[in-house]
Amino acid sequence: MASLDIDDTKAAILDCHVCIVGAGIGGLMLGILLERADIKYTILEKHPFHNPLGSAICLEPSVQPLFRQLGLMDEIHRLSKPFGAMIFREDNLNIIGTFSAQTPLDINDRYGGYNRIIARRDLCALLAAQIPKEKIKFGKRVLEVRQNAGEVIIRCSDKSVHHADILVGCDGAYSAVRQGLYADLSAKGELPKQDNAPMGYQYDCLVGVTDPMDPSKNPSLAGKFSEFQTILAKDANCSYWCIPLVGNRISWMVVKFHNKGRKYAEEQLFKHSGWGAEAAELMSYEFRELITAYGCELGEIMDNTPKGSMAKVMLEEKFYKTWYKGRVVLTGDAVHKVLPFGGQGANQCIHDVLALTNFLVQLKSNTVPDIEELFESYFKARSPVGRTVVNMSSRVGNLMNRKGMMNDIIRKVALRHMPRWLSQIINDKWSYDRPQLECIPFVEVPGELQPRPQKRSAYVPASLVEREPTSP
Numbered sequence: 100m101a102s103l104d105i106d107d108t109k110a111a112i113l114d115c116h117v118c119i120v121g122a123g124i125g126g127l128m129l130g131i132l133l134e135r136a137d138i139k140y141t142i143l144e145k146h147p148f149h150n151p152l153g154s155a156i157c158l159e160p161s162v163q164p165l166f167r168q169l170g171l172m173d174e175i176h177r178l179s180k181p182f183g184a185m186i187f188r189e190d191n192l193n194i195i196g197t198f199s200a201q202t203p204l205d206i207n208d209r210y211g212g213y214n215r216i217i218a219r220r221d222l223c224a225l226l227a228a229q230i231p232k233e234k235i236k237f238g239k240r241v242l243e244v245r246q247n248a249g250e251v252i253i254r255c256s257d258k259s260v261h262h263a264d265i266l267v268g269c270d271g272a273y274s275a276v277r278q279g280l281y282a283d284l285s286a287k288g289e290l291p292k293q294d295n296a297p298m299g300y301q302y303d304c305l306v307g308v309t310d311p312m313d314p315s316k317n318p319s320l321a322g323k324f325s326e327f328q329t330i331l332a333k334d335a336n337c338s339y340w341c342i343p344l345v346g347n348r349i350s351w352m353v354v355k356f357h358n359k360g361r362k363y364a365e366e367q368l369f370k371h372s373g374w375g376a377e378a379a380e381l382m383s384y385e386f387r388e389l390i391t392a393y394g395c396e397l398g399e400i401m402d403n404t405p406k407g408s409m410a411k412v413m414l415e416e417k418f419y420k421t422w423y424k425g426r427v428v429l430t431g432d433a434v435h436k437v438l439p440f441g442g443q444g445a446n447q448c449i450h451d452v453l454a455l456t457n458f459l460v461q462l463k464s465n466t467v468p469d470i471e472e473l474f475e476s477y478f479k480a481r482s483p484v485g486r487t488v489v490n491m492s493s494r495v496g497n498l499m500n501r502k503g504m505m506n507d508i509i510r511k512v513a514l515r516h517m518p519r520w521l522s523q524i525i526n527d528k529w530s531y532d533r534p535q536l537e538c539i540p541f542v543e544v545p546g547e548l549q550p551r552p553q554k555r556s557a558y559v560p561a562s563l564v565e566r567e568p569t570s571p
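Those letters in the sequence shown? Residues 100 to 571, per our numbering, in order.
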């Protein structure tokens with residue numbers, strides 16, 4: 100085992116147990132990071148088995164050094180396609196404009212890798228495979244969270260009770276951890292008014308991933324790059340997307356804009372909470388006859404989607420001010436719910452749990468004051484970015500989906516006349532931070548733009564500390 104070449108390293112000495120709620124991308128990545136850091140953890144997942152629904156995920160260059168550091172980049176390449184272009188079309192299939200990964204700025208040359216397009220199911224399966232099976236507990240729907248000076252106590256629907264030093268809510272937009280935390284703070288009059296307000300809601304979304312399709316009928320499926328086909332259907336008041344994946348599959352999405360107000364949202368949430376196959380089936384009939392850029396109707400693509408895997412979801416957005424209290428902390432969609440159009444949801448969730456882990460290895464003790472000091476550092480590092488991505492996803496959503504003359508003009512200018520210098524400024528802003536886990540050896544990062552420098556942590560997992568051989 101190689102020496103870490105650090106003078107002031109220290110092995111793991113803090114006996115800390117972290118409970119993670121949610122086995123999605125954030126919860127699984129946090130589990131991997133804690134595993135590498137030799138920190139005890141348990142993941143509680145409400146569903147009885149791992150069956151992630153959804154469409155495709157775009158892994159940006161900003162998270163790829165972490166996957167490379169964890170030894171997972173070869174698998175990411177096997178399971179994904181590099182993003183090539185996003186082609187916007189009118190419903191008569193005429194091209195409005197194209198956003199390319201190669202012109203006017205080559206993303207690979209500048210940042211060391213293209214965005215990688217991967218099915219959500221494939222990414223979750225890869226991450227779950229890195230975690231010992233006994234550390235993920237399924238069928239654990241959280242009902243109650245209580246904390247005191249010495250521990251946090253989690254009670255689940257199966258009557259099981261779990262104890263931990265720290266609880267991390269990685270359980271998404273409808274986070275049970277957040278709801279419990281906010282209920283306690285609200286009862287004490289400590290919850291900001293903004294955090295009690297409902298999420299913004301303007302879009303319904305239908306998503307799916309097909310089984311392998313015939314590339315002879317759709318030659319673009321066999322191409323090296325994933326070229327998004329996005330069609331703005333004025334008559335149907337929607338946009339619909341087809342995204343080639345590895346294995347000759349298509350990730351597809353229909354996004355319908357509405358302005359029916361919050362009462363409608365609450366009615367929909369009551370009827371169909373979260374990702375729902377039944378609701379998806381009903382919604383699909385409205386869009387089956389839409390013509391795709393592949394020359395077939397959208398219904399043909401829907402018919403090639405495995406039964407029960409199609410999903411409908413309400414696309415909501417909100418930034419929350421309260422990220423932690425006591426021994427409980429929130430990450431990802433639980434505190435900054437974004438629209439999917441900017442490709443930021445999964446990436447920022449990964450950044451959250453990485454930042455949290457890099458602070459966690461500096462934890463001085465298991466006392467509440469030291470834990471809250473750590474959480475405050477995490478909040479200060481990540482909340483400005485969280486607020487920015489929520490605002491940005493809303494603007495990108497308008498650009499990609501909203502109708503009207505002004506939006507048409509903005510789209511054409513952005514897609515046809517973007518100068519290289521402006522494209523570079525925008526992309527540099529999001530790709531300068533390409534962090535890694537600070538308690539294990541760093542890896543080199545390719546690309547013209549080198550990432551923001553990081554310092555190696557003084558903490559080193561016990562498994563990486565070079566031990567002197569014992570005498571016979």
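Don't be surprised by glycine CBs; every beta carbon is placed ideally from N, CA and C.
Practice item. Measure how close the beta-carbons of residue 223 and residue 182 come, nearest whole angstrom, since I'm counting them as under 8 Å. Key: With a Cβ gap of about 20 Å, residue 223 and residue 182 do not count as contacting.
Check your understanding: alpha helix (DSSP H) containing residue 141: first to last residue?
Key -> No alpha helix (DSSP H) contains residue 141, which is instead part of the beta strand (DSSP E) from 139-144.
Point to revise | Alpha-carbon spacing of residue 448 relative to residue 333, whole angstroms | key: 33 Å
Practice item. Quick one: grab the DSSP three-state call for residue 118. Key: strand
Check your understanding: When DSSP labels each residue in this structure, what does residue 215 get in the three-state scheme?
Key -> strand
**Study point:** Neighbour-count burial assignment, residue 194, 16 or more Cβ in a 10 Å radius
**Key:** exposed
Check your understanding: Are the Cβ atoms of residue 186 and residue 324 separated by less than 8 Å?
Key -> no
**Study point:** 8 Å CB neighbourhood of residue 486 in its chain, flanking five on each side removed
**Key:** 418 and 435
Review point. Helix or strand or just coil, what does DSSP make of residue 332?
Key: strand
Check your understanding: Taking one C-beta from the stretch 141-156 and one from the stretch 294-308 each time, how about it: are there three or more such pairs within less than 8 Å?
Key -> yes
**Study point:** Per-residue DSSP class, three states only, for residue 523
**Key:** helix
Practice item. Using DSSP bridges, identify the partner residues of residue 538. Key: Residue 538 is not bridged to any residue.
**Study point:** Candidates 344, 407 and 384: closest to residue 377 by CA position
**Key:** 407
Practice item. With DSSP as the reference, please indicate the residues paired to residue 300 in a beta bridge. Key: 415
Review point. Is it buried or exposed for residue 505, if we count other Cβ within 10 angstroms and need 16 for buried?
Key: exposed
Review point. According to the neighbour-count rule (16 or more other Cβ atoms, all chains shown, within 10 Å of its Cβ), is residue 132 buried or exposed?
Key: buried
Exercise for review: Would you kindly work out how many angstroms separate the C-alpha atoms of residue 527 and residue 491, rounded to a whole number?
Suggested key: 16 Å
Check your understanding: For the beta strand (DSSP E) that residue 260 lies in, which residues bound it at each end?
Key -> 260-263
**Study point:** Own chain, CB closer than 6 Å to residue 286, minus 5 neighbours either side, in chain order
**Key:** none
Review point. Do three or more CB pairs link the stretch 532-539 to the stretch 455-462 at distances below 8 Å?
Key: yes
Check your understanding: In terms of residue numbering, what span does the alpha helix (DSSP H) encompassing residue 452 cover?
Key -> 444-459
**Study point:** Distance CB(residue 149)-CB(residue 227) smaller than 8 Å
**Key:** yes
Check your understanding: Are the stretch 507-520 and the stretch 463-482 in contact at 8 Å, needing three or more beta carbon pairs?
Key -> no
Check your understanding: So is residue 559 buried or exposed if we call it buried at 16+ other beta carbons inside 10 Å?
Key -> buried
Check your understanding: If you pair each beta-carbon of the stretch 112-125 with each one of the stretch 256-272, do three or more pairs fall below 8 Å?
Key -> yes
Check your understanding: Does the Cβ of residue 329 have 16 or more other Cβ atoms within 10 Å, making it buried, or fewer, making it exposed?
Key -> buried
Practice item. Would you identify the three-state DSSP class for residue 533, choosing helix, strand or coil? Key: coil
Check your understanding: Apart from the five residues on each side of it in sequence, which residues of its chain come closer than 6 Å, Cβ to Cβ, to residue 217?
Key -> 156, 178 and 179
Exercise for review: Check whether the stretch 337-355 touches the stretch 288-299, counting contact only when three or more Cβ pairs, one atom from each stretch, lie closer than 8 Å.
Suggested key: no
Exercise for review: Return the Cβ separation of residue 275 and residue 437 in integer angstroms, given the expectation that the two are a contact with Cβ distance under 8 Å.
Suggested key: Not really, about 20 Å apart at Cβ, beyond 8 Å.
Check your understanding: In terms of residue numbering, what span does the beta strand (DSSP E) encompassing residue 487 cover?
Key -> Taken as a continuous stretch (DSSP letters only), residue 487 belongs to no beta strand (DSSP E), being part of the alpha helix (DSSP H) at 467-500.
Point to revise | DSSP-derived helix/strand/coil call for residue 166 | key: helix
Check your understanding: With DSSP run on the structure shown, which of helix, strand or coil describes residue 185?
Key -> strand
Review point. Given residue 581, which residues of its chain have a CB within under 6 Å of its CB, disregarding the five upstream and five downstream residues?
Key: The question about residue 581 has no answer, for the chain in this structure spans 100 to 571.
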